[in-house]
Structure formats: C-alpha cells, structure tokens
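Here the numbering used here = 1-based position in the sequence shown + 33. A virtual CB, placed ideally from N, CA and C, is assigned to each residue, including glycine. Only one structure is covered here, and it is reproduced in the block below.
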Amino acid sequence: MSDNSIGMIEVDKNDPNKMFARTCGMWSDQWFGDEWIQDDPSTPENEGTIGWGDHFFRSSDGGKTWEDITPGAGPTDYSTGTGVKNFISLPLATNGYDWAYGKACHWGSSIVIDPRDKEGDRLLLTSGNGVFACDNAWDEKGIQFYFQPDGVEECVSLDFFSTADGLDLSAIGDYDGFVHTNPNEVPEQYNPNMGSTSAITVCPQNTDVWARTANGDGNNTGSGYYTLDRGKTWKAFKPACTGGKLAITELSKGKYRVINTSPKGGASYSDDWGATWKDCTGIQASKGAYALVDPDDPKIVYATGAQYNEYWSSDMSKKEPTYDEAHYSYFVSEDYGATFKETRVCPYNWELTWKFEHTGDLAYVGSGTVALAGANHGLYLISDKGAKVEKLDSVSYAKCVGYGAPEKKGDVNTLFIYGKPKNTDPEGIYRSQDAGKTWVCINTDHLYGGTGNGNYLVGDMDEFGKVYMSTVGCGIVYGQISDGSPKTQPTAKASPTPTVKPTETAKPTAEPTESASPTSKPTASPTSTATAKTGEIIIGDLDFSGNIDVTDLTTLSLYLLGDKNLSDDALKAADTDGDGKVALTDLATLRQYISKKITKLGK
C-alpha cells in the first residue's frame with residue numbers, strides 16, 4: 034500500500050472486505066488537472082495543477098491488495114511506446130470554493146465511510162483546510178474527490194480591520210483571509226495567497242491602501258503583500274519580521290509608511306514598501322507590540338507593548354518580578370512612527386501568562402484618547418500623548434478592547450471589552466458608549482471559547498453596535514443590535530413553472546488522450562456544457578446554476594440521505610434517469626454523466 038505512515042483504516046460495516054486507508058503526514062502530489070504542472074505562469078498565483086498532501090487507498094479483498102485512488106494516481110501504460118497515465122480518479126474539484134484550488138487534502142488522519150450510505154460509496158476525509166468528500170469511491174474509474182467545508186467551524190482568525198467606508202477584512206491562520214461583504218455568504222479570498230496570515234491593515238488616510246503579512250511557519254517564510262487599489266491587484270514586499278502586525282500611515286499624497294511590529298517586541302518602518310527597513314526607536318517590549326495610526330493626524334502613531342523578563346525566577350531572592358521586569362506600556366510617536374516615547378501603564382500579569390498574554394490592540398476613543406486593556410488590572414484611558422493615564426473603576430478585567438462606530442455622529446467611538454465590569458459579573462462581551470464609564474452586557478451565553486489566538490474584538494466602523502470577535506477554532510463570530518424579531522434566511526424569488534427538457538452533450542469524436550502539456554488551466558471542478566435557459570428545467574442542474582457539476586451531485590446526495598429538501602422544480606431536475614421518481618439510481622446516473630461515462634440525462 035505505502036511505505037509511509039498510515040493514519041487510518043476504515044472497514045465497511047456491511048462488507049468487511051471493503052476497506053479504505055489514507056496516509057498521515059505524507060507530502061505527495063494530488064492533481065487538480067489531467068497533467069502535472071507544478072507552476073503555471075498563466076495563473077494569478079503561478080499555481081500549477083498539483084497540491085501536496087496525503088494519498089488514499091481502497092481494498093476489496095479485506096486488505097490483501099490495495100489500489101491507490103488519489104487524484105493523479107494510476108498505472109502507466111507503456112504499450113504504445115510512450116507512457117500514458119490511466120487515471121483512476123478525476124482531478125480534485127473545488128466544488129465552487131475557488132480559493133481551495135491547489136490546496137491538497139492534508140494534515141488529516143481520518144477517512145470514514147458515511148454511515149448513512151448503504152453502498153459504502155461516500156467518503157469523508159479531514160484536512161488541515163477543511164473537509165473533502167467523495168460520493169463514488171467504488172466506481173472503477175472516474176472517482177471524484179471534492180472540497181466540502183460547509184458548516185465546518187474550525188478556523189483561527191488572527192487579525193481583523195474595519196473602516197467607516199465599509200471595508201471588513203480578516204487575516205486567517207492557514208489560508209490568508211477574506212474581504213467580507215455579507216456574513217451569510219462565502220467571502221472573497223485574498224489573491225495571491227500566502228498561507229497563514231498574521232496581520233491585515235488599512236491606511237486610515239486612504240482606505241484603498243492595504244497590507245498583509247504572513248504568520249511564518251515551516252512552510253511559510255513570512256512574505257507580505259500590499260495593494261494600492263482596494264485589493265484588486267497586489268504587489269509583494271518583504272516584511273521586517275515574520276508573524277508581526279502592521280500599520281500604514283500617509284507621509285504625503287501617494288507616499289506611505291508601513292510599520293511592522295514584531296511578535297517579540299520592537300518595531301520597524303519602511304517608506305519604500307519593504308525595500309529598506311529602519312528600527313522604530315523608543316519601543317521597549319519583549320512581548321508583541323501593536324501600532325495604531327491616529328485617524329485624524331497621520332503624524333501621530335500610538336503603540337502598546339508588554340515587557341516581561343522570564344528569567345526573574347532565577348534570582349532566588351525574588352518572589353515575583355519587579356515592575357521594571359513586568360509591565361504594560363503605551364508609546365506615542367509624533368513623527369509618523371519613526372521615534373516613540375514610552376509611558377508605563379500597569380503591571381504585566383506574570384502569574385497567569387496563559388490567560389493574560391499581552392492583550393494587543395489599542396482602541397481609539399477619539400480626539401487623541403485611546404483605551405488599553407490591562408487584563409486583570411482593568412482598562413485604562415490614555416490621552417494628551419501619554420501625559421494623562423486614567424484607570425477606569427468601571428472595569429475589573431479586560432482581556433482585550435476594541436472600538437467601533439458611535440451611535441450618533443460626533444460621539445466618541447463605541448468601546449467593546451471581553452472581560453468583566455465588576456469582578457462579580459459574568460465573563461463576556463460588553464459595550465460602552467461613554468468612553469468606558471458605563472457598560473452594557475451583550476453576550477455571556479455563547480463565547481466560543483473566548484478570543485483565542487487572535488485575541489481581538491473589532492467594532493464595525495460603519496454600523497453602530499456590530500462587533501467581530503476572534504474565537505478558539507470557531508472562526509469569526511459577530512453580533513448585531515437586534516430589533517427583537519427573529520432573523521430569517523432569504524428565500525429565492527418565485528419563478529414561472531418551467532418545462533422539462535432533457536440534458537445532452539455532444540458526443541466526442543474520439544477517445545481523449547493525454548497531451549504533453551495543457552494549453553490552459555483545467556477547470557477547478559467538472560461541469561457539463563449545458564446552459565440554463567429561462568423557463569426550462571435542465572435535468573441534473575438541481576441548483577439552477579446553468580452547470581451540472583459536483584454541487585448538484587452533493588445536493589442530490591443530501592436529499593437522498595434526508596438532510597435536504599428540494600423544491601418541485603429541483604425534484605424534476607433530479608430525475609436523471611427519467612423514470613418519474615428520484616432514487617439512488619438517479620445519483621448513479623448523475624455521477625456517470627459528470628465523469629463523462631454517459632452523454633445524456635433523462636429520457
């Protein structure tokens with residue numbers, strides 16, 4: 034089967050001779066096309082047709098012999114003199130999630146048979162980037178693996194940025210981040226991709242200018258990208274450090290300074306998008322520093338950091354670190370972030386660093402006043418460039434603080450904390466409209482494990498009361514002010530009853546053969562050539578998209594398993610064998626059509 038480690042073997046409970054297995058931690062090829070192309074200059078990311086991940090196997094004789102069913106695997110026929118690959122599986126399909134193109138099924142040990150599928154054809158496979166599925170694992174050829182992340186919450190957000198003109202941008206561990214326009218829809222992913230992303234930022238003086246930087250790990254050396262046209266095009270830049278945070282300020286019309294703070298303390302700045310870097314002087318911190326550009330004055334840049342000497346305990350005369358060795362600090366710059374002046378704020382919580390790690394971003398209240406979260410030391414308002422530091426009696430614990438749009442124009446920004454106003458209050462999310470004097474509880478019931486790695490609350494800057502929160506593996510959650518009425522999902526508009534028309538594609542004049550190299554990038558998921566027509570039902574097109582593809586196959590599978598309802602029109606489209614009813618035979622017929630074994634659906 035494989036000389037590599039095997040992560041799991043699955044046995045069909047209805048037939049113990051039928052088995053599946055997959056490798057664990059393997060770094061091998063999975064194909065998104067019929068040809069091996071590692072790099073393709075014609076694609077936006079120079080992506081080819083292969084991803085790197087695990088291999089999958091099946092056995093029909095109780096494990097005596099195994100067959101590799103990984104996309105791209107299969108025996109090579111040399112009978113013609115030149116090797117021709119006989120593929121067992123179709124290329125991996127993105128299932129409509131275009132951002133998954135080139136991302137293999139990897140870092141997962143499980144391969145399971147859907148217990149609701151009596152035939153044992155449907156597989157589910159975990160992956161570092163979601164879940165993959167297969168509905169026809171026992172077909173002789175044309176097996177289709179596809180991306181199926183619907184409903185999967187496992188996701189870690191590391192940064193978020195919101196602007197008053199409607200931008201809501203995220204940075205995500207493992208797969209970059211997204212431009213969020215509607216929380217109920219799959220958002221647009223940044224392109225080019227760069228993997229785990231630690232920071233996303235926008236210039237407050239010109240919100241067309243953004244920058245993002247990679248988190249940095251074994252597979253990612255910490256690249257960065259910036260855009261001057263609101264994310265339409267991106268240019269690469271080399272950040273000063275990996276895994277840091279970013280801020281951008283405008284030096285003059287069309288000229289920008291990017292500030293890159295380090296997760297180990299300190300900061301650097303560049304006026305030429307990473308071609309050269311200089312140290313920001315005055316920031317003394319051993320924990321990650323965070324920078325915030327004043328939205329009203331580009332010369333003013335605020336920062337926060339934490340100093341913690343982890344070696345204080347080596348001095349046997351000490352029971353705890355001194356204030357010099359463990360404290361939170363506020364920094365301010367009046368020269369666009371080149372030099373900073375420090376103001377120490379409160380002790381750093383050394384005794385519970387797992388809970389009180391440096392709390393991160395400052396929150397802009399307004400008119401030069403910012404709020405700093407001091408964990409179990411509460412919340413502080415800092416103004417007059419550090420000359421005035423006020424500890425608020427209204428907060429006993431603040432793990433993080435964020436800010437969003439005020440209810441009325443001209444008011445101070447709305448503040449949000451994850452913490453407790455009083456020590457006896459339940460831990461949760463609270464909102465203040467008066468610069469922290471009073472607080473309203475908005476969520477203590479469902480906290481998704483807390484703020485997690487991202488440790489942020491970000492208020493929406495163009496909608497009062499809306500707030501985004503990082504979580505422990507549950508992605509980004511958001512809250513909005515409710516009018517008291519339950520929310521309903523939008524429904525499709527009514528359309529006139531269409532007529533039923535069989536679906537047919539032109540028959541090929543000859544059997545397809547492999548070419549030495551493709552002339553264009555292969556389609557991310559197999560589709561037919563059928564096109565939707567007004568007033569007609571196209572057999573097989575259950576979602577009325579105009580294409581017959583894996584999405585329709587998934588929809589039909591869910592219906593047959595009792596997990597999805599279909600409209601009358603969709604039921605007509607689901608009758609792919611034309612016998613007047615919808616059953617497993619229709620699923621098999623649709624599979625054959627998508628894998629191009631047959632060229633016609635319906636009678």
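Nearest-angstrom beta carbon gap, residue j and residue i [assumed within contact, 8 Å]
i	j	result
residue 618	residue 634	Wrong, their Cβ atoms sit about 12 Å apart, outside the cutoff.
residue 331	residue 267	Residue 331 to residue 267, Cβ: 23 Å. No contact.
residue 52	residue 96	5 Å
residue 294	residue 277	5 Å
residue 481	residue 505	6 Å
residue 431	residue 414	Not really, about 12 Å apart at Cβ, beyond 8 Å.
residue 222	residue 132	4 Å
residue 378	residue 407	6 Å
residue 323	residue 337	5 Å
residue 280	residue 326	5 Å
residue 93	residue 50	6 Å
residue 597	residue 591	4 Å
residue 291	residue 335	Not confirmed; about 16 Å, so no contact.
residue 717	residue 446	What the structure shows of the chain is the stretch from 34 to 636, and residue 717 is not part of that stretch, so it cannot be assessed.
residue 104	residue 178	6 Å
Within-8 Å CB hit, residue i to chain C
i	result
residue 106	This model lacks chain C altogether; it includes just one protein chain.
DSSP state of residue i mapped onto helix, strand, coil
i	result
residue 241	strand
residue 289	strand
residue 233	strand
residue 636	coil
residue 627	helix
residue 85	strand
residue 561	Unreliable positioning characterises residue 561 in this predicted model, as indicated by a pLDDT of 36, which lies under 50. The coordinate reading is nonetheless provided below. Of the three classes helix, strand and coil, the one that applies to residue 561 here is coil, per DSSP.
residue 604	helix
residue 523	Note that residue 523 has pLDDT 38, beneath the 50 cutoff, so the model's placement of it is unreliable and the number below is only indicative. Three-state DSSP puts residue 523 in coil, outside helix and strand.
residue 268	strand
residue 617	helix
residue 539	Since pLDDT at residue 539 reaches only 35, below the 50 mark, its modelled position is unreliable, and no value is offered.
residue 585	helix
residue 592	helix
residue 92	strand
residue 260	strand
residue 622	helix
residue 133	helix
residue 122	strand
Through-space distance from residue j to residue i, alpha-carbon basis
i	j	result
residue 502	residue 622	45 Å
residue 443	residue 494	13 Å
residue 589	residue 600	12 Å
residue 507	residue 164	15 Å
residue 101	residue 182	24 Å
residue 240	residue 570	45 Å
residue 513	residue 130	27 Å
residue 227	residue 269	10 Å
residue 490	residue 205	15 Å
residue 343	residue 433	22 Å
residue 438	residue 285	27 Å
residue 435	residue 289	25 Å
residue 456	residue 468	19 Å
residue 510	residue 614	42 Å
residue 427	residue 88	56 Å
residue 448	residue 460	16 Å
residue 65	residue 587	19 Å
residue 150	residue 453	48 Å
residue 272	residue 189	22 Å
residue 275	residue 99	43 Å
residue 404	residue 202	22 Å
residue 317	residue 579	59 Å
residue 229	residue 210	8 Å
Beta-bridge partners of residue i, as assigned by DSSP
i	result
residue 406	412
residue 502	490 and 510
residue 41	55
residue 373	Beta-bridge pairing links residue 373 to no other residue.
residue 166	157 and 179
residue 145	157
residue 460	None, per the DSSP bridge assignment.
Okay, do the segment 475 to 489 and the segment 408 to 423 touch, 3+ Cβ pairs below 8 Å being the bar?
These segments do not touch.
Assess, as a yes-or-no matter, whether the segment 166 to 175 is touched by the segment 460 to 475 under the definition of 3 or more beta carbon pairs within less than 8 Å.
No, the segment 460 to 475 is not in contact with the segment 166 to 175.
Pairing CB atoms from the segment 46 to 66 with CB atoms from the segment 111 to 118, are three or more of them under 8 Å?
No: the two stretches stay apart, fewer than three of their Cβ pairs being nearer than 8 Å.
When the Cβ atoms of the segment 139 to 156 are set against those of the segment 226 to 235, are three or more pairs found closer than 8 Å?
No, the segment 139 to 156 does not touch the segment 226 to 235.
Per the contact definition of three or more C-beta pairs closer than 8 Å, is the segment 113 to 131 in contact with the segment 191 to 199?
No, because fewer than three Cβ pairs between the segment 191 to 199 and the segment 113 to 131 fall closer than 8 Å, the two stretches do not touch.
For the segment 300 to 314 and the segment 352 to 362, state whether three or more C-beta atom pairs, one from each stretch, are separated by less than 8 Å.
Between the segment 300 to 314 and the segment 352 to 362 there are fewer than three C-beta pairs closer than 8 Å, too few to call the two in contact.
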